[in-house]
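Read left to right, the sequence shown gives residues 13 to 72 (my numbering).
Reviewing the structure listed below.
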Amino acid sequence: MLRQYFPKGTDLSRWSADDLEAVALALNNRPRKSLGWRTPAEVFAEQLCSIQQPGVATTD
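Structural data, given as structure tokens:
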């Protein structure tokens with residue numbers, strides 16, 4: 013999927029951090045068939061919620 017944005021052999025150091033972050037955001041918010049048409053961001057958020065243990069103090 014990165015090839016859609018950057019051809020093979022592209023020097024990523026030529027791109028700004030903002031540009032790379034925009035590509036990551038686009039890819040992480042694209043629904044995937046392999047994830048049941050959920051986005052990677054949704055699946056990651058679900059995983060984070062599932063590992064949080066009730067009764068354990070967190071630092072917010």
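Glycine residues also receive a C-beta, built at the ideal position from the N, C-alpha and C atoms.
Pop quiz: residue i and residue j are said to be a contact at Cβ under 8 Å. What is the actual Cβ separation, rounded to whole angstroms?
i	j	result
Leu47	Val55	5 Å
Leu24	Leu37	Not a contact, Cβ separation roughly 16 Å.
For residue i, collect the residues of the same chain with a Cβ closer than 8 Å to its Cβ; drop the 5 residues on either side in sequence, then sort them by chain order.
i	result
Ala53	Asn40 and Asn41
Who are the near neighbours of residue i in its chain, counting only those whose CB is closer than 7 Å to its CB and skipping five residues on each side?
i	result
Trp49	Pro43
Gly21	none
Trp27	none
Counting along the chain, where does the alpha helix (DSSP H) carrying residue i start and finish?
i	result
Gln59	Pro52 to Ile63
Asn40	Ala29 to Asn40
Quick check: the Cα distance between residue i and residue j, rounded to an integer number of angstroms?
i	j	result
Glu58	Gln16	27 Å
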